[in-house]
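*Asks:* The opening position of the sequence shown corresponds to residue 1 in the numbering used here, with each subsequent residue numbered one higher. Virtual Cβ for every residue (Gly too), placed ideally from N, Cα, C.
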Amino acid sequence: MTSFVAARRVLAQAKPLRWKRCFSQLAEQKSDVVVGAPELPPFDWSPPPYTGPTSDEILAKRKQYLSPSLFHFYKTPLHVVEGKKQYLFDEKGKRYLDAFGGIATVCCGHCHPDVVAAIVDQTKRLQHSTVLYLNPAIADFAEALASKLPGDLKVVFFTNSGTEANELAMMIARLYTGCHDIISLRNAYHGNASGTMGATAQSIWKFNVVQIGVHHAVNPDPYRGVFESDGEKYAKDVEDIINFGTSGNVAAFISEAIQGVGGIIELAPGYLPAVYNTIKKAGGLCIADEVQAGFARTGSHFWGFEAHGVVPDIVTMAKGIGNGIPLGAVLTTPEIAEVLTRRSYFNTFGGNPVCTAAGLAVLRVLEKEKLQQNAFVVGSYLKERLTELKDKHELIGDVRGKGLMLGVELVTDRQLKTPAKAETLQVMDQMKEVGVLVEKGGYYGNVFRITPPLCFTKEDADFLVDAMDLSLSRM
Ligand SMILES: Cc1ncc(COP(=O)(O)O)c(C=O)c1O
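#1: Since Val156 and Ala137 are thought to touch, with beta carbons under 8 angstroms apart, how far apart are those beta carbons, to the nearest angstrom?
#2: Among residues of its own chain, excluding the 5 on either side of Thr457, which ones have a beta-carbon nearer than 7 angstroms to its beta-carbon?
#3: Thinking Leu134 and Ala329 are a contact (beta carbons under 8 angstroms), I'd like their distance in whole angstroms, please.
#4: Spell out a yes or no on whether the segment 348 to 362 and the segment 122 to 134 are touching, meaning 3 or more CB-CB pairs, one atom from each, closer than 8 angstroms.
#5: Could you tell me which whole beta strand (DSSP E) segments of length 3 or greater appear in the segment 167 to 200?
#6: Tell me the DSSP secondary structure of Arg224 in three-state form.
#7: Let's see if you can read the secondary structure: which residues bound the alpha helix (DSSP H) around Gly109?
#8: Can you tell me where the beta strand (DSSP E) with Arg297 in it begins and where it stops?
#9: Return the first residue and the last residue of the beta strand (DSSP E) that Lys440 is part of.
#10: According to the neighbour-count rule (16 or more other Cβ atoms, all chains shown, within 10 Å of its Cβ), is Pro220 buried or exposed?
#11: Within 8 angstroms, do at least three Cβ pairs link the segment 295 to 315 to the segment 357 to 371?
#12: Using the C-alpha atoms, what's the distance from Lys94 back to Pro269?
#13: Measure how close the beta-carbons of Gly101 and Pro452 come, nearest whole angstrom, since I'm counting them as under 8 angstroms.
#14: Going by the beta-carbon positions, is the gap between Arg118 and Ala461 smaller than 7 angstroms?
#15: I'd like to confirm something about Tyr74: is its beta-carbon nearer than 6 angstroms to some heavy atom of ligand 1, or not?
#16: Should Pro49 be labelled buried (16 or more other beta-carbon atoms within 10 Å of its own) or exposed?
#17: For my contact list, Gly401 and Glu409 are in at a C-beta cut-off of 8 angstroms; report their separation, rounded to the angstrom.
#18: Just checking, does the segment 413 to 429 make contact with the segment 442 to 450 on the three C-beta pairs under 8 angstroms criterion?
#19: In angstroms with no decimal places, state the Cα-to-Cα distance between Thr387 and Cys108.
#20: Ignoring anything shorter than 3 residues or poking outside the segment 287 to 365, list the beta strand (DSSP E) runs there in chain order.
#21: Could you compute how far the alpha carbon of Phe89 sits from the alpha carbon of Lys432?
#22: In or out: Glu28 buried (at least 16 other Cβ within 10 Å) or exposed?
#23: Counting only runs that start and end within the segment 58 to 130, where is the alpha helix (DSSP H) found for 4 or more residues in a row?
#24: Output yes or no for whether 7 angstroms exceeds the beta carbon distance between Tyr251 and Gly225.
#25: With DSSP as the reference, label Pro452 as helix, strand or coil.
#26: For Val291 versus Pro150, is the C-beta spacing smaller than 7 angstroms?
#27: Return the Cβ separation of Thr341 and Ile172 in integer angstroms, given the expectation that the two are a contact with Cβ distance under 8 angstroms.
#28: Go ahead and pull the three-state DSSP assignment for Arg400.
#29: List the endpoints of the continuous alpha helix (DSSP H) containing Thr278.
#30: On the CB-based measure, 16 or more other CB atoms within 10 Å of its CB, does Arg174 come out buried or exposed?
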């Protein structure tokens, strides 16, 4: 949409008394224009003028009433007021391409009408019931979700978050095997409650509290790892941990198929099959954390682990499962699930009718709109274009990932792989000014994480790459 059409639309939607404010909004929008910037792909919708509190008012309240541990992106924090498909709008009506997706969470697109309708419809009829009464929403979604998993992974436990899902998965593994030791990967992120913080392996996310029973294996990271892309060599470390750090038996191995928070690290080929073998021999269960890589994001498969040719014993999920609704799940086999009958296991909100109705709508949208195929096609195109950008900008050390879960790592020295932390922040800020939102991650905070809604288009991909190109050129 040209700025002229946008201007007319804002004015058409404004009530007479708000005209003055609209004119000033348009003036502000104009002053944001970055010289030489690429144009956002056209979009035939804009939100009504925003009339709520200002950014300063919100910031002041956050400071006074919310946790001092809260932080925000960007020098000038972004104030988003509406979202549609792959776009977000700030309080001035400026449109942004959202390549962040609320941390790989908004998979169908912001406020997808089918998902919204399912939420509204269920909320009007019954908002909460607990699993102590019968309700079709939880049963229908469990059936649909189980149909997406291979083998015997047919029993679902619903939770409210990824942390909760992984906590539960780890407990189930410990109960089933009678062992306590769990192996996770260095650089992993699995949550921030007592057990999952133990499995998380980046000091930035670990508080100095007791975290026991988890060993952290060498990360099979093809870019920074000692064995480069030799998955089997990395897998030997898991064998060593079992032989030299445990009784010889373990409860579980937990890992993502592509590390998200860790900076979009694809596990070296051959690693997962070798480790799954070793873990099974040691009597343990294999847990696939699909919180970020699941729900069609990686394009080639619906679940990240499928690309590695393995079948886990337990799969955990959250984020994309509800397109932003608080929802998580653990799927396992009937035999393993049985362990939770030893005591009473209960979760007040887990399987809430509104959340599960949303989950079912998400699955249907993914299928109806062929979003997995789109993630594959657009993701492959975007990765190709980002890789071309690497030839142009020395600052780009690596481009990686699959589908619409991509990473761009910035380094000041390609040989030494020196993390370009400050430059990453600067480029990220400049991209925001141009109208593109990406996230940063990785242990050194020098990796752009590109995890947009799966309805991202090739034109969006071009715009993102052009915005990154422009921002890098200014460094
Ligand atoms: C792979 C992975 N597992 C688990 C979690 C924890 O999920 P939540 O923040 O919903 O508790 C995250 C969060 O980013 C994650 O990326």
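*Replies:* Taking the structure as given:
#1: Within the sequence shown, residue 156 is the residue found at index 156, counting from 1. Within the sequence shown, residue 137 is the residue found at index 137, counting from 1. About 13 angstroms separates the two Cβ atoms, so there is no contact after all.
#2: What you label residue 457 is simply residue 457 of the sequence shown in a count that begins at 1. Excluding positions up to five away in sequence, the list reads Pro41 and Val378.
#3: On the sequence shown, residue 134 is found 134 positions in, with the first residue counted as 1. On the sequence shown, residue 329 is found 329 positions in, with the first residue counted as 1. Wrong, their Cβ atoms sit about 19 angstroms apart, outside the cutoff.
#4: Contact holds: three or more Cβ-Cβ distances are below 8 angstroms.
#5: 182 to 185
#6: Stepping through the sequence shown from its first residue, residue 224 is reached at position 224. Shown here, Arg224 sits in coil according to DSSP, grouped into three states, outside any helix or strand.
#7: Residue numbering aside, residue 109 sits at position 109 when the sequence shown is read from its first letter. Run containing Gly109: none; DSSP gives neither H nor E here.
#8: Residue 297 sits at position 297 when you count from the first residue of the sequence shown. Careful: Arg297 lies outside any beta strand (DSSP E) and carries neither H nor E.
#9: Numbered from its first residue, the sequence shown carries residue 440 at position 440. Per DSSP, Lys440 belongs to the beta strand (DSSP E) from Glu439 to Gly441.
#10: Mapped onto the sequence shown, residue 220 falls at position 220. So Pro220 ends up on the buried side.
#11: yes
#12: Counting from one through the sequence shown, the residue named residue 269 turns up at place 269. Counting from one through the sequence shown, the residue named residue 94 turns up at place 94. Distance between the alpha carbons of Pro269 and Lys94: 42 angstroms.
#13: Working through the sequence shown from its first residue, we reach residue 101 at position 101. Working through the sequence shown from its first residue, we reach residue 452 at position 452. Indeed they touch by this definition, with Cβ atoms about 5 angstroms apart.
#14: Within the sequence shown, the letter at position 118 stands for residue 118. Within the sequence shown, the letter at position 461 stands for residue 461. Per the sequence shown, residue 118 should be read as Ala rather than Arg. No, the pair does not count as a contact, with Cβ atoms beyond the cut-off.
#15: Position 74 of the sequence shown holds residue 74. No - ligand 1 has no heavy atom lying nearer than 6 angstroms to the Cβ of Tyr74.
#16: The sequence position of residue 49 within the sequence shown is 49, counting from 1. Looking at its Cβ environment, which holds 16 or more other Cβ atoms inside 10 Å, Pro49 is buried.
#17: Here residue 401 corresponds to residue number 401 of the sequence shown, with the count starting at 1. Here residue 409 corresponds to residue number 409 of the sequence shown, with the count starting at 1. In fact, because the Cβ distance is near 10 angstroms, the residues do not count as touching under 8 angstroms.
#18: yes
#19: Residue mapping note: residue 387 aligns to position 387 of the sequence shown, counting from 1. Residue mapping note: residue 108 aligns to position 108 of the sequence shown, counting from 1. Approximately 26 angstroms between the Cα atoms of the pair.
#20: Entirely contained in the segment 287 to 365, the beta strand (DSSP E) runs reaching 3 residues are, in chain order, 314 to 317 and 328 to 332.
#21: Here residue 89 corresponds to residue number 89 of the sequence shown, with the count starting at 1. Here residue 432 corresponds to residue number 432 of the sequence shown, with the count starting at 1. Whole-angstrom Cα-Cα distance: 12 angstroms.
#22: If you number the sequence shown from 1, residue 28 lands on position 28. Interpretation of Glu28 is limited by its pLDDT of 35, a score under 50 that renders its predicted location unreliable; the figure taken from the coordinates is listed afterwards. Result: exposed.
#23: 101 to 104 and 113 to 125
#24: Residue numbering aside, residue 251 sits at position 251 when the sequence shown is read from its first letter. Residue numbering aside, residue 225 sits at position 225 when the sequence shown is read from its first letter. Before going further, note that residue 251 is Ala rather than Tyr in the sequence given. Their beta carbons are not under 7 angstroms apart, which means Ala251 does not touch Gly225 by this criterion.
#25: Taking the first residue of the sequence shown as 1, we reach residue 452 at position 452. It is coil, neither helix nor strand.
#26: On the sequence shown, position 291 is the one that residue 291 refers to. On the sequence shown, position 150 is the one that residue 150 refers to. Contact: no.
#27: Residue 341 sits at position 341 when you count from the first residue of the sequence shown. Residue 172 sits at position 172 when you count from the first residue of the sequence shown. About 12 angstroms separates the two Cβ atoms, so there is no contact after all.
#28: If you number the sequence shown from 1, residue 400 lands on position 400. Strand at Arg400.
#29: As a first step, residue 278 is located in the sequence shown; it is residue number 278 there, counting from the start. Thr278 -> alpha helix (DSSP H) spans Tyr271 to Lys281.
#30: Counting from one through the sequence shown, the residue named residue 174 turns up at place 174. Counting Cβ neighbours within 10 Å, Arg174 comes out buried, since at least 16 surround it.
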